[in-house]
Structures are given as C-alpha cells and as structure tokens.
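**Student:** First the structure, which I've put down as structure tokens, then a few questions once you've had a look.
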C-alpha cells in the first residue's frame, strides 16, 4: 500500500515590522547619468522634449510676472531679426546700384603758386617769394598745411639751394680751407626733432646752412647763414664744442691771452660784430680820454704810451663784448683748474665761441646779395682761422709766438 504524503501545514505569515528610518547614510555623489539637476531650467522647449516631461511646478509658485514675459518676447524678437539675415536698408541692396553710372569723384583744389610779381629767379640772390613762404610757414606750422603747399615749398627750397651753391664759391674765394661740398652737406633740414621738447611745431620757420671743412657737421669752426623773415643774420664760430676741444680753448686763453686780444680787437671784426655791444658809453669816453692824453703828452714817448693805452682799452672792451654775446650757457663759477682772480675769467667761463650780425631781408633779395654776405664773412676769416688752429691744428700750425706779458 503506497505511503501517503503528509499534508504540510500552511506557511505562517511573517510578522510585519513597522517602517523605521534606515540607519544607512545616503551617498551624496553626483550620478554619472545624464540627469539634470532639479535646479536646472530649460532654455527652450527642445530641451524639455529631450529630457522628457517638463519638471513639475512646485507648490505655492504663482504665474510668472508680466515683466518676465515682456523680456522673453523682446529677446525672442531680437533673435528672429538677427536670424532673418534680410537687409532692411534698401539703399544698400544690389538692386538699387546703377552700375552704368559714372563714379563720384571729389576734387580738392590745391593752392596755386604765388605770382612772381615780374621778378625772375636768379642763382646769386633769393626771390621775395622764398621769404614769403617762410613767413607763411611760421604762421601755419602744421603738416597738413605744408603737404597742401608742397609745390611752393619745393620752389623755395630750390631757390635757396641755388643761392647756397653760389655762396659756396664766394666763401671759398675768401677762405681757401673751405672745400666745395654738395648742398646736402651744408644745408640744415627744416624738420624738427620734437621727441624731447614741449614745442609741438614740426618745422623750423627758416632756412640755414653752415660752411666748414666738413660741412655742417664736424669739429671745425664754421660760417653760418640764417634766412628767416625779419631775423636774418650771418655769423660763425664754435657752438657747444666737445670736452677735449673746450679744454684746448681754455688752455689757449690761459697760455696765449695776447693772441685772443689781438683777434677779438681786430678792426674789421670788432666793428662788424662787437661795436654794437661795446658802445654803451665806452666808445665816447675812450675818445674823450684819448684826446686829453694827446694834448697833455709831450714828444714821441707820450704819443706811444697813449696809443698803447688806447689799444689795451679797446682789447678789454672787445673781450667784454665777446663774453656778453656768448653768456648763454656759460658757467656760473670758475672752471676747474683756474684761480678765481684770473685775468680772463670771463672767457674761461664760456662754452660757446660765436659771433653774428643781423642782416636786413632786402640784402638777400637785392642785386649785391653775394657781395654783402661775403663782406660779413670776410670780417670773420681771422676769427674762424684762430679757432681752428686751436681745436684742430694743422701739422704746420706750430705756435712759435711768445705771449709773455
């Protein structure tokens, strides 16, 4: 008889336990899935569709304000306007351009050249238009003005070049040490260096040239011609010589004072460059004293002594006048190595050794321009030669004269 299986008792239901908070802490790591943060706000409907349904609106949140709606509509309108890419200006469209129409050309009239007034240009003198151009340049010292008057500038520069070329031959005839150099080596350009100055004007309102053994540059003393309306002059000398040259000049003043007096008191030189400075009452007093001495002197000895005394006073007056002309940049105290009681301390303090004479504008435009300028240069030849023998002596310029006094 088969064994009967015992019926199993029904399984007892497990006792239910109340829901208690879990003691395990939940991880705060950011999930690597592409889920969005609950604080993320979608920018468009496409973003909502991509992530599923729109986030549920929290409780207590009302409808968005009207201001927010207006701003959103404005942004959307701007985006649509930019995206359309349609040019709203009908004037810029290609359909409105007439390709067959002639191009528009604007003409800016340039100033015409100044009339010559019936005066022909010549090599040995300057034209009045050259001085007129320099006067206009001083009143309109701007790059734009000179650019618009370039033709007038070129004509004035060419006139100045022809005059300087002719003047070179005149100076060579008076001083054989001056060589014949091209115009660019003796002429100063009108362009100013405005990097280290408070004056912003870009041009010099004058023409100028320097004639020396090396032209406008170099260590030699030079003859200088300056053309400026109402301020023309002819001069020369050494302007700010370097240290070694200045030391040689001071040594010469100390060792050979007699030679300096003879050069500065020379008749033509003093009358041309120093008489207008030294004539502050001294000339009349000197003449009156000389007459008195001539009347009181007895015999030949008295006349010789009076002449020597007069020459000595003229030399002192020339030294004083020369120092007065070059007081700009002079030392305030004695130079190193010389005693304060030095006889020629006024010369030892100088740093410039130049002279000049004002010349009327009409001299340069007159018939005898070369002769008038040459006369001033001729009075300077001895002075220039004296300076060059000191700063740049030639092999044969050995000083054999004794200046012991």
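Numbering (UniProt numbering), first residue to last: 1 to 405.
Even for Gly, the Cβ is constructed at its ideal location relative to N, Cα and C.
#1: Are the beta-carbon atoms of residue 263 and residue 133 separated by less than 7 Å?
#2: Using only the alpha-carbon positions, how far apart do residue 213 and residue 190 sit?
#3: Between 354, 374, 355, which lies nearest to residue 363 when the distance is taken from Cα to Cα?
#4: Between the Cα of residue 169 and the Cα atoms of 396, 392, 371, 395, which residue gives the shortest distance?
#5: Identify the continuous alpha helix (DSSP H) that holds residue 183 and give its terminal residues.
#6: Below 6 Å CB to CB, which residues in the same chain sit around residue 331 once its five sequence neighbours on both sides are set aside?
#7: For the beta strand (DSSP E) that contains residue 210, what are its first and last residues?
#8: Comparing alpha-carbon positions, which option in 351, 142, 164 lies nearest residue 328?
#9: Pick from 381, 385, 303, 127: whose alpha carbon is nearest that of residue 229?
#10: So, helix, strand or coil for residue 261, using DSSP?
#11: What do you get for residue 101, buried or exposed, if any count of 16 or more other CB atoms within 10 angstroms of its CB means buried?
#12: Can you list the beta strand (DSSP E) stretches of 3 or more residues lying completely in the region 347 to 389, in chain order?
#13: Mind checking which residues open and close the beta strand (DSSP E) that includes residue 234?
#14: Output needed for residue 248: all residues of its chain with C-beta closer than 8 Å, excluding positions within five of it in sequence on either side, in chain order.
#15: Looking at the unbroken alpha helix (DSSP H) that takes in residue 164, where does it start and where does it end?
#16: Quick one: what does DSSP say residue 246 is sitting in, helix, strand or coil?
#17: On a CA-only basis, which of 255, 173, 271 is nearest residue 413? Give me that one, please.
#18: Any idea if residue 261 is buried or exposed, counting beta-carbon neighbours within 10 angstroms, 16 or more meaning buried?
#19: Per DSSP, what kind of secondary structure is residue 105 in: helix, strand or coil?
#20: Could you tell me the boundaries of the alpha helix (DSSP H) in which residue 131 lies?
#21: Please classify residue 146: does DSSP put it in a helix, a strand, or coil?
#22: Roughly how many whole angstroms lie between the Cα atoms of residue 395 and residue 304?
#23: For residue 107, count neighbouring C-beta atoms within 10 Å of its own C-beta (all shown protein chains included) and say buried if the count is 16 or more, exposed if not.
#24: Candidates 326, 325, 365, 320: which alpha carbon is nearest residue 343's?
#25: Name the residue from 241, 273, 221, 220 whose alpha carbon lies nearest to the alpha carbon of residue 233.
#26: How is the beta strand (DSSP E) around residue 223 delimited, first residue to last?
#27: Roughly how many angstroms separate the alpha carbons of residue 177 and residue 219, rounded to a whole number?
#28: Find out if the Cβ-Cβ distance for the pair residue 207, residue 186 is shorter than 7 Å.
#29: Please classify residue 171 as buried or exposed, where buried requires at least 16 other C-beta atoms within 10 Å of its C-beta.
#30: Could you compute how far the alpha carbon of residue 174 sits from the alpha carbon of residue 110?
#31: With a threshold of 16 other CB atoms inside 10 Å of the CB of residue 129, please say whether the residue is buried or exposed.
#32: Would you report the Cα separation of residue 224 and residue 163, rounded to the nearest angstrom?
#33: Alpha carbon to alpha carbon, how far is residue 335 from residue 242? Give it in angstroms, no decimals.
#34: Which residues in the same chain have their Cβ closer than 7 Å to the Cβ of residue 314, if we skip the five residues on either side of it in sequence?
**Tutor:** Based on what the coordinates show:
#1: Here residue 263 corresponds to residue number 263 of the chain shown, with the count starting at 1. Here residue 133 corresponds to residue number 133 of the chain shown, with the count starting at 1. No; because the gap between Cβ atoms is not below 7 Å, this pair is not in contact.
#2: Translated into positions along the chain shown, residue 213 becomes position 213. Translated into positions along the chain shown, residue 190 becomes position 190. Answer to the nearest angstrom: the Cα atoms are 23 Å apart.
#3: If you number the chain shown from 1, residue 363 lands on position 363. Cα-wise, what sits closest to residue 363 is 374.
#4: Walking along the chain shown from the start, residue 169 turns up at place 169. It is 371.
#5: Your numbering for residue 183 matches position 183 in the chain shown. Segment 183 to 186, the alpha helix (DSSP H) holding residue 183.
#6: Within the chain shown, numbered from 1, the residue matching residue 331 stands at position 331. Hits under 6 Å: 349.
#7: Translated into the one-based positions of the chain shown, residue 210 becomes position 210. 207 to 211 is the extent of the beta strand (DSSP E) around residue 210.
#8: The residue you call residue 328 lines up with position 328 of the chain shown. The residue with the shortest Cα to Cα distance from residue 328 is 351.
#9: Within the chain shown, the letter at position 229 stands for residue 229. Looking at the Cα atoms, 127 is the closest of the given residues.
#10: Against the chain shown, residue 261 aligns to sequence position 261. Helix.
#11: Counted from its first residue, the chain shown places residue 101 at position 101. So residue 101 counts as exposed.
#12: 353 to 358
#13: Along the chain shown, one-based indexing puts residue 234 at 234. 233 to 238 is the span of the beta strand (DSSP E), which, as asked, contains residue 234.
#14: As a first step, residue 248 is located in the chain shown; it is residue number 248 there, counting from the start. The residues are 390, 391.
#15: Counted from its first residue, the chain shown places residue 164 at position 164. Its alpha helix (DSSP H) spans residues 150 to 174.
#16: Locating residue 246 in the chain shown gives position 246, counting from the first residue. Note: residue 246 maps to helix in three-state DSSP.
#17: Because the chain is modelled from 1 through 405, residue 413 falls outside the range shown and cannot be assessed.
#18: In the chain shown, the residue the question calls residue 261 occupies position 261. Flag for residue 261 reads buried.
#19: Here residue 105 is taken as the residue at index 105 of the chain shown, counted from 1. Note: residue 105 maps to coil in three-state DSSP.
#20: Within the chain shown, residue 131 is the residue found at index 131, counting from 1. From DSSP, the alpha helix (DSSP H) with residue 131 extends over 128 to 139.
#21: Here residue 146 refers to the residue found at position 146 when the chain shown is read from its first residue. Here residue 146 sits in helix by DSSP.
#22: Here the question's residue 395 lines up with position 395 in the chain shown. Here the question's residue 304 lines up with position 304 in the chain shown. Rounded to whole angstroms, residue 395 to residue 304 spans 38 Å at the Cα level.
#23: Start at 1 with the first residue of the chain shown, and residue 107 comes out as number 107. Exposed, by the Cβ-count rule.
#24: Stepping through the chain shown from its first residue, residue 343 is reached at position 343. Comparing Cα-Cα distances from residue 343 to each of 326, 325, 365, 320, the minimum goes to 320.
#25: Here residue 233 refers to the residue found at position 233 when the chain shown is read from its first residue. Ranking 241, 273, 221, 220 by Cα distance to residue 233 puts 273 first.
#26: In the chain shown, counting from the first residue as 1, residue 223 sits at position 223. Its beta strand (DSSP E) spans residues 222 to 227.
#27: In the chain shown, residue 177 corresponds to position 177, counting from 1. In the chain shown, residue 219 corresponds to position 219, counting from 1. About 14 Å.
#28: Taking the first residue of the chain shown as position 1, residue 207 is located at position 207. Taking the first residue of the chain shown as position 1, residue 186 is located at position 186. No, these two residues do not count as a Cβ contact at 7 Å.
#29: Residue 171 sits at position 171 when you count from the first residue of the chain shown. Residue 171 is buried by the Cβ-count criterion.
#30: Taking the first residue of the chain shown as 1, we reach residue 174 at position 174. Taking the first residue of the chain shown as 1, we reach residue 110 at position 110. So the alpha carbons of these two residues sit roughly 44 Å apart.
#31: What you label residue 129 is simply residue 129 of the chain shown in a count that begins at 1. Residue 129 should be labelled buried.
#32: By one-based count along the chain shown, residue 224 stands at place 224. By one-based count along the chain shown, residue 163 stands at place 163. Using only the alpha carbons, I get a separation of about 14 Å.
#33: As a working note, residue 242 is residue 242 in the chain shown. As a working note, residue 335 is residue 335 in the chain shown. The alpha-carbon atoms of residue 242 and residue 335 are separated by roughly 15 Å.
#34: Indexing the chain shown from 1 puts residue 314 at position 314. The residues are 265.
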